[in-house]
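What follows is a set of notes on a single structure, which appears directly below.
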Amino acid sequence: MTTIASRLQAVKARISVAATAAGRAPGEITLVAVSKTFPPQAVAEAYAAGQSAFGENYAQEGIDKIVALSRLPLERHVASPEGPRLRPLEWHYIGPIQSNKTRPIAENFDWVHGIDRPKIAERLSASRPDNMPALQVCIQVNVSGEASKSGVAPDSVFDLALTIKRLPHLRLRGLMAIPEPTPDAALRHSHFRMLREIQHDLLHRGVALDTLSMGMSDDLEAAIAEGATLVRVGRAIFGERGAG
14 MTTIASRLQA
24 VKARISVAAT
34 AAGRAPGEIT
44 LVAVSKTFPP
54 QAVAEAYAAG
64 QSAFGENYAQ
74 EGIDKIVALS
84 RLPLERHVAS
94 PEGPRLRPLE
104 WHYIGPIQSN
114 KTRPIAENFD
124 WVHGIDRPKI
134 AERLSASRPD
144 NMPALQVCIQ
154 VNVSGEASKS
164 GVAPDSVFDL
174 ALTIKRLPHL
184 RLRGLMAIPE
194 PTPDAALRHS
204 HFRMLREIQH
214 DLLHRGVALD
224 TLSMGMSDDL
234 EAAIAEGATL
244 VRVGRAIFGE
254 RGAG
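According to the working numbering, the residues represented by the sequence shown are 14 to 257, in order.
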């Protein structure tokens, strides 16, 4: 078993244990392997070990991998009523979004996790090709109130959600957060709980969302305990950034 495969297995075990401890089914939680700075071959190794959703923070790097991997003979199959078929790679853009990068992101990725202002949502929708499925998107929320952190303020989420829901080529799926790192376990939980509470508030106001994208290598257990449906893990799968 390769190092990436063994690390991936260990992360999936952590997710299973955390979900069970929270009284949840492990299948409720999607793992996105964050492959930024790692080569296409690392993604291919993770794919061969059973991983299909990958996250990238930099648009051009991610697009280069999407193109490179589209040429590889990815051979992991899944059962279907029509017989075995290839399970496609699913690409998540999880980094900050610059206005001049909206078109390439919209043309290449399946998900975008970091929408935090109407202008970016509008540009992504306008740039999504008509022949592609709707771009699955999350609103990034600044749950820890850091001035330097991307994300919309909690009290502005509802208005942004309404804007996104009106756009023809986007499908609003949920909320995303990258809380300030802290050794305080109670504070970690409170940040994740805030995102869940915002989701519940939106539901009561008529905006139903099915995704909470929160939790990374060091805090996925706390995120799962507070309702995460998608965790974004890089280092625990691929190793330290820049390593093989």
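We put the CB at the ideal spot given by N, CA and C, even for glycine.
Straight-line Cα distance separating residue j from residue i
i: G4; j: G158; result: The structure shown does not extend to residue 4, since the chain spans only 14 to 257, so no value can be given for it.
i: R218; j: V150; result: 19 Å
i: R98; j: D168; result: Caution applies to R98, whose pLDDT of 49 falls short of 50 and renders its modelled position unreliable; the value that the coordinates give is listed next. Approximately 45 Å between the Cα atoms of the pair.
i: K162; j: V156; result: 9 Å
i: Q73; j: F122; result: 11 Å
i: I17; j: N113; result: 34 Å
i: L78; j: E69; result: Residue 78 is actually Lys in this sequence, not Leu. So the two alpha carbons sit approximately 9 Å from each other.
i: M227; j: F205; result: 7 Å
i: S29; j: H105; result: 22 Å
i: V125; j: H182; result: 12 Å
i: H90; j: G63; result: Summary for H90: the model assigns pLDDT 44, below 50, so the residue's position carries little reliability; its value from the coordinates is reported in the next sentence. Each residue's Cα considered, the two are about 10 Å apart.
i: Y71; j: K49; result: 7 Å
i: M145; j: A174; result: 22 Å
i: I191; j: R84; result: 33 Å
i: T195; j: G164; result: 18 Å
i: D143; j: A119; result: 11 Å
i: R254; j: G247; result: 8 Å
i: A201; j: E135; result: Checking the displayed sequence, the identity of residue 201 turns out to be Arg instead of Ala. Each residue's alpha carbon lies about 32 Å from the other.
i: T33; j: P39; result: 7 Å
i: Q54; j: M229; result: 22 Å
i: R37; j: G240; result: 9 Å
i: V80; j: A198; result: 40 Å
i: I42; j: D231; result: 16 Å
i: D214; j: A166; result: 14 Å
Check whether residue i and residue j have beta carbons under 8 Å apart
i: V244; j: A236; result: yes
i: L185; j: I177; result: yes
i: A13; j: L233; result: A question about residue 13 goes unanswered here, because the residues of the chain that appear run from 14 up to 257.
i: I107; j: I133; result: no
i: A147; j: E103; result: no
i: A46; j: A59; result: yes
i: T242; j: L216; result: no
i: I152; j: D172; result: no
i: L222; j: V154; result: no
i: R116; j: S140; result: yes
i: V24; j: I250; result: yes
i: A57; j: L82; result: yes
Residues bridged to residue i [DSSP beta-bridge criterion]
i: R245; result: V45
i: L208; result: Bridge partners of L208: none, in fact.
i: L225; result: L188
i: E103; result: A66
Kindly provide the ranges of any alpha helix (DSSP H) runs that are 4 or more residues long and lie completely inside the stretch 140-199, ordered along the chain.
Counting only runs that start and end inside the stretch 140-199, the alpha helix (DSSP H) elements of at least 4 residues fall at 170-178.
If we require 4 or more residues per run, which alpha helix (DSSP H) segments fall completely within the stretch 47-86?
53-61, 72-83
Scan the stretch 105-130 and note each continuous alpha helix (DSSP H) run of 4 residues or more that stays entirely inside, going in chain order.
Those alpha helix (DSSP H) runs which fall completely within the stretch 105-130 and span 4+ residues are 115-121.
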